[in-house]
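Participant: With the working numbering applied, the sequence shown has no gaps in its numbers, which climb one by one up to 1206 at the end. Where is the CB? At the ideal position from N, CA and C, for every residue including glycine. Pasting in a structure now, in structure tokens, and then I'll have a few things to ask.
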Amino acid sequence: MTDKIRAYIDEVEQFSTDKIEDIENFRIKFLGKKGILNDFFAEFKNVPNEQKKDFGKAVNELKESAQAKVESLKSSLETKLEDKGVYGDLTRPAEPIDIGARHPISIVKNQIINIFSNIGFNVSEGPEIENDWHNFTALNLPEYHPARDMQDTFFIQTNPEDILLRTHTSSVQVRYMEENKAPIRTISPGRVFRNEDISARSHCIFHQVEGLYIDKNVSFKDLKQTLIYFTTELFGKSKIRLRPSYFPFTEPSAEVDIYWGLQTETDYRITKGTGWLEIMGCGMVDPNVLKNCNIDPKEYTGFAFGMGIERIAMLLYQIGDIRMFYENDLRFLEQFKSSL
Ligand code: PHE
867 MTDKIRAYID EVEQFSTDKI EDIENFRIKF LGKKGILNDF FAEFKNVPNE
917 QKKDFGKAVN ELKESAQAKV ESLKSSLETK LEDKGVYGDL TRPAEPIDIG
967 ARHPISIVKN QIINIFSNIG FNVSEGPEIE NDWHNFTALN LPEYHPARDM
1017 QDTFFIQTNP EDILLRTHTS SVQVRYMEEN KAPIRTISPG RVFRNEDISA
1067 RSHCIFHQVE GLYIDKNVSF KDLKQTLIYF TTELFGKSKI RLRPSYFPFT
1117 EPSAEVDIYW GLQTETDYRI TKGTGWLEIM GCGMVDPNVL KNCNIDPKEY
1167 TGFAFGMGIE RIAMLLYQIG DIRMFYENDL RFLEQFKSSL
């Protein structure tokens, strides 16, 4: 009889399943009302006295091992089900991560910075709220100079001193010259403000990158070569022309056009049928500006240039309305996801 019980104990120990029905059937078979264990308990009174001890011990062992087996199978099944509940199927493909997109202004700004940093320009930044000296006077635009009207200004305070929103990042170049000795090679990206009507082509807030190069014997030739390098890198176009112009802080001054071409209808529209596009202003730094910033104009010369980022981004991405940049419309911004 005890051998029979031992055989059942072996059976219990070897039993394994991950199905809830099988565990239940197993429990009924051994521990149920009409199960094997109850049969043995009923049998107990018929067992000869001298065997009762061993028999009882063996039956108890069977009972304990059957109970332990049911418990352990149930709990391992529960942890499995729980994992599924919390994490789902761990082998399923991951949910795609919704990455953001860089703003087109930032993309173009970074491209411009990269191009100039490859030829040794560093990046300088300054405050958006400026005083009169850094935005105008130091740049050869003394009080009442008519050229101040070229850039309609937002004033924050006019007495005792003019405090204003900078109209260009040339103000950063003044600060840079005041704080650093020549030679200087720096570009100044940043946001600028002009009191202008908002339309598809102009806005009262926009972004600029201005550049400044000061060293001994810097000539207009160096400026032109730098511009050709820049336009080739950014637009893949090296045909440029310089039109004489006027800026108070440069002499001589020029406006830079690149030959964009006339291949598509958009080319006709954006170049007004000429194929040429104006992209920036530039010139040789006026000796007065150098003097104002404690640089000796007899020893040093330099060139400067400045461009609007929006304008260039509109060209590169064929964006027809400058206001798109500031509306934060996701349908617009998401188109730049794949860019740098
Ligand atoms: N500061 C000028 C502007 O805002 C651009 C410029 C910079 C022109 C440097 C010449 C030289 O329009």
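1. If contacts are defined as beta-carbon pairs under 8 Å, then Ile-985 and Ile-1175 qualify, I think. What distance do you get, rounded to the angstrom?
2. Using a 10 Å radius around the Cβ and a threshold of 16 neighbouring Cβ atoms, would you call Ser-1054 buried or exposed?
3. I'd like to check one pair, Glu-1144 with Ile-981: are the Cβ atoms closer than 8 Å?
4. Once you ignore the five residues that flank Tyr-872 on each side, which residues in its own chain have a CB closer than 8 Å to its CB?
5. Using the Cα positions of Ile-1124 and Glu-1193, report the straight-line distance between them to the nearest angstrom.
6. In the DSSP assignment, what residue or residues form a beta bridge with Arg-1051?
7. Looking at the secondary structure, which residues open and close the alpha helix (DSSP H) in which Met-1180 lies?
8. Which term fits Ala-934, buried or exposed, when burial requires 16 or more other beta carbons within 10 angstroms of its beta carbon?
9. Identify the residues that DSSP records as bridge partners of His-1073: which are they?
10. Assuming Glu-1076 contacts Gln-1017 (C-beta within less than 8 Å), just tell me the rounded distance between them.
11. Rounded to a whole number of angstroms, what is the C-alpha to C-alpha distance between Gly-1186 and Leu-1196?
12. With a threshold of 7 Å on Cβ separation, who are the neighbours of Asn-1158 within its own chain once the five nearest residues in sequence on each side are excluded?
13. Candidates Tyr-1183, Gly-901, Gly-1149, Pro-962: which alpha carbon is nearest Thr-1116's?
14. Report whether the distance from the Cβ of Thr-1116 to the nearest heavy atom of ligand 2 is below 7 Å.
15. Could you check whether Phe-921 and Phe-907 sit closer than 8 Å to each other, using their CB atoms as the reference points?
16. Taking contact to mean at least 3 C-beta pairs separated by less than 8 Å, is the segment 1015-1033 in contact with the segment 992-999?
17. Rounded to whole angstroms, what's the CA-CA distance from Pro-875 to Arg-958? Just pull it up for me.
18. Should Ile-1022 be labelled buried (16 or more other beta-carbon atoms within 10 Å of its own) or exposed?
19. Just to confirm my understanding: we take Lys-1082, look at its own chain, exclude 5 residues before and 5 after, and list those with CB closer than 7 Å. What are they?
20. Tell me whether Gly-954 is buried or exposed, calling it buried when 16 or more other Cβ atoms sit within 10 Å of its Cβ.
21. For Phe-1002, is the beta carbon positioned less than 7 Å from some heavy atom of ligand 1?
22. So, using beta-carbon positions, are Lys-940 and Ile-894 closer together than 8 Å?
23. Need the endpoints of the beta strand (DSSP E) that Asp-1152 sits in, please.
24. Does the beta carbon of Glu-1076 fall short of 7 Å from some heavy atom of ligand 1?
25. Would you list the one or two residues that DSSP bridges to Glu-996?
26. Do Leu-1089 and Ile-1106 have their beta-carbon atoms positioned less than 8 Å apart in this structure?
27. Give the secondary structure of Glu-1009 by DSSP, where H, G and I count as helix, E and B as strand, and everything else as coil.
28. Once the 5 residues before and after Pro-1114 are set aside, which same chain residues still bring their CB inside 8 Å of it?
29. Checking 8 Å against the spacing of the C-beta atoms, do Ile-1188 and Ser-1085 come in under that value?
30. If you draw a straight line from the C-alpha of Ile-1064 to the C-alpha of Asn-1025, how long is it?
31. Suppose you measure from the CA of Lys-870 to the CA of Ser-942; what does that come to, to the nearest Å?
32. So, with DSSP's three-state summary, where would you put Asp-1015?
33. Compute the Euclidean distance between the alpha carbons of Met-860 and Phe-1002, then round it to the nearest angstrom.
34. Which residue's Cα is closest to the Cα of Val-936: Gly-1056, Ile-978, Asn-891, Leu-1108?
Facilitator: In short:
1. Contact flag wrong, Cβ pair sits at about 19 Å.
2. buried
3. no
4. Strictly speaking, residue 872 in this sequence is Arg, with Tyr absent from that position. These residues qualify, in order along the chain: Ala-924.
5. 29 Å
6. Tyr-1079
7. 1175-1183
8. exposed
9. Arg-1057
10. About 13 Å; that fails the 8 Å criterion.
11. 17 Å
12. Ala-1004
13. Gly-1149
14. Ligand 2 is not part of this structure, which contains only ligand 1.
15. no
16. yes
17. Reading off the sequence, residue 875 comes out as Ile, not Pro. Each residue's Cα considered, the two are about 41 Å apart.
18. exposed
19. Glu-1165, Tyr-1166
20. exposed
21. no
22. no
23. Neither: Asp-1152 is in no beta strand (DSSP E) and is coded neither H nor E.
24. yes
25. Leu-1030
26. no
27. coil
28. Leu-1005, Asn-1006, Leu-1007, His-1011, Ala-1013, Asp-1152
29. no
30. 28 Å
31. 29 Å
32. helix
33. In the structure displayed, the chain extends from 867 to 1206; residue 860 sits before or after that span and is not available.
34. Asn-891
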